[in-house]
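The sequence shown begins at 481 in the numbering used here and counts up by one.
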Amino acid sequence: MPAGERRSSRRAVSRRHRNPLWVPVTAATGAILIVIGLVLYFGGGDGGTATRVEQSVGADAPDSATSAPPGPASASGTPRASASPAAVSGCVSGKSIPAGSSQQSVRIGTDTRVYQLAVPAADARTRSLPLIFVFHAFGENAAAVEGYAHLAELGAKSGYAVVRPDGVGGRWNFVRRAAAGPDDVAFVAAIVNDLTARMCLDARRVSATGLGDGADMAVTAACALPGVFAAVVPVASAVMPDSCSGPPPSLLAVNGTSDPVTPLEGGGVDRPAPFDGTQAQPLQGRLDRYAGFMGCGPPGPWVWDTSSIRRLVYTACPGGRDVGLLAVQGGGHVWPDPDAIPPKGAARAQFSATQVVLAYFRGHPLPASVTGAPNPTG
């Protein structure tokens, strides 16, 4: 989003995050059962009492884009994020990357792109590792997004490998125009290919999240690379592609109702070149479109999970997938967290987006029938 995009900052990783919150989110044949456990914080973010609240909704409960559409695949075809035929999966070769954080790089044509990788300790690993992509906001880098989402730390502690790519010049080419920068979808595909060959990844558990423009990049990659991502959680996103290359992954959008940059109703100032023609689209309208890509039914009624969180869930989605929205009442353009310093006039969130992300990804593996992703067992 434009310069001045607001994001959350925290004094330190809260003690509440040392005990990961289990938020089970499951899907069943013919119905969606979403059980969201939210931690309510009373007395602000400084040592208040936590209360666990659970809500559930069954699947039987019963606007046009203003951005330019993403460009079609090039004449040579959009790169698929699956292992090259010449590559051998790390699950077969036995290759692995040592635990800890490191900077990695991949070659795309004549360009070298870098990303930060966090690998869990051996005692947190399974035979194959789930993978999370975390995309930074406009004007940021991989270090900045870790400063408020803490997913490299907390994700690795939960047994995930976590990738934080760096956009060129602090931005993402989610509009898929040459003028906006390099092909970041190809960058994402190259990272998956690279890690597939160098370690044992669980191909059914590759997911993505991000804030602002990073959220838009996560959704763009998920739409452009069908069969690769299992789930995506865009936080304060603005746009949705006009089409997907195949059935998209499960999606849970998170957005503040008082977000001045990506308001729920859409609108705002038009972006300058090379992102011109890219205003925030009405959120429910783009979720309607995304649910249509997936083949879901209409949304059910809004449900209040707490006094500050409303939830919208789309019905009858096929293949064990689902689409939903958490609207943070009074929330601004931030990564929600009870310890965040919100923008002026915005309410402090009473739940952790990081814990929601981890729980949603945990509950949404790619359906076994999907074959687009590399096989973790070779």
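Just so it is clear, CB atoms sit at the ideal spot from N, CA and C, and this is done for glycine as well.
Enclosing alpha helix (DSSP H) for residue i [first to last residue]
| i | result |
| --- | --- |
| Q830 | No alpha helix (DSSP H) holds Q830; DSSP gives it neither H nor E. |
| L634 | L631 to K637 |
| S573 | G570 to S573 |
Buried or exposed by the 16-neighbour rule on C-beta atoms within 10 Å, applied to residue i
| i | result |
| --- | --- |
| A848 | exposed |
| A820 | buried |
| R587 | exposed |
| D603 | exposed |
| W784 | exposed |
| V655 | buried |
| T592 | exposed |
| L846 | buried |
| W782 | exposed |
| P798 | exposed |
| R842 | buried |
| P822 | buried |
| T689 | buried |
| R651 | buried |
| S832 | buried |
| V477 | Past the boundaries of the shown model lies residue 477; the chain is included only from 481 to 858, so the question cannot be answered. |
| T590 | exposed |
| S730 | buried |
| A659 | exposed |
| S717 | buried |
| G580 | exposed |
Through-space distance from residue j to residue i, alpha-carbon basis
| i | j | result |
| --- | --- | --- |
| C776 | Q764 | 14 Å |
| V677 | S569 | Residue identity check: residue 677 is Ala in the sequence provided, not Val. Between A677 and S569, the C-alpha separation is close to 5 Å. |
| L634 | V686 | 16 Å |
| H844 | L611 | 13 Å |
| L767 | W815 | 20 Å |
| A623 | V715 | 18 Å |
| C703 | S573 | 30 Å |
| A474 | K575 | Any question about residue 474 goes unanswered here, given that the chain covers just 481 to 858. |
| G627 | A753 | 29 Å |
| G757 | R644 | 28 Å |
| A598 | L631 | 9 Å |
| A629 | D817 | 9 Å |
| R751 | R605 | 43 Å |
| C680 | Y840 | 22 Å |
| G901 | P779 | Outside the shown range of the chain (481 to 858) lies residue 901, about which nothing can therefore be said. |
| Q809 | C571 | 44 Å |
| G812 | G619 | 18 Å |
| L621 | G647 | Position check: residue 621 holds Asn in this sequence, whereas Leu was assumed. Their Cα atoms are separated by approximately 7 Å. |
| Y794 | A771 | 7 Å |
| V719 | A701 | 13 Å |
| R607 | G639 | 11 Å |
| D664 | A829 | 31 Å |
| L691 | Q584 | 22 Å |
| G800 | P706 | 15 Å |
| I789 | A807 | 6 Å |
| G747 | G825 | 20 Å |
| L732 | P578 | 32 Å |
| P762 | V712 | 19 Å |
| A641 | A601 | 10 Å |
Segment limits, beta strand (DSSP E) that includes residue i
| i | result |
| --- | --- |
| F613 | L609 to F615 |
| A598 | D591 to V599 |
| A641 | A641 to P645 |
| V808 | V803 to V808 |
| V586 | G580 to I588 |
Any non-hydrogen atom of the ligand GDP closer than 7 Å to residue i Cβ
| i | result |
| --- | --- |
| S717 | This structure lacks the ligand GDP; in fact it carries no ligand of any kind. |
Inset, instruction - Return the chain-ordered ranges of every beta strand (DSSP E) run that is complete within the region 718 to 794 and spans a minimum of 3 residues. - result: 730 to 736, 783 to 786 and 789 to 793
Legend entry - Segments of 3+ residues assigned as beta strand (DSSP E) that fall wholly inside the region 665 to 729: 681 to 691 and 711 to 715
Legend entry - At least three beta-carbon pairs within less than 8 Å, the region 720 to 728 to the region 738 to 758: no
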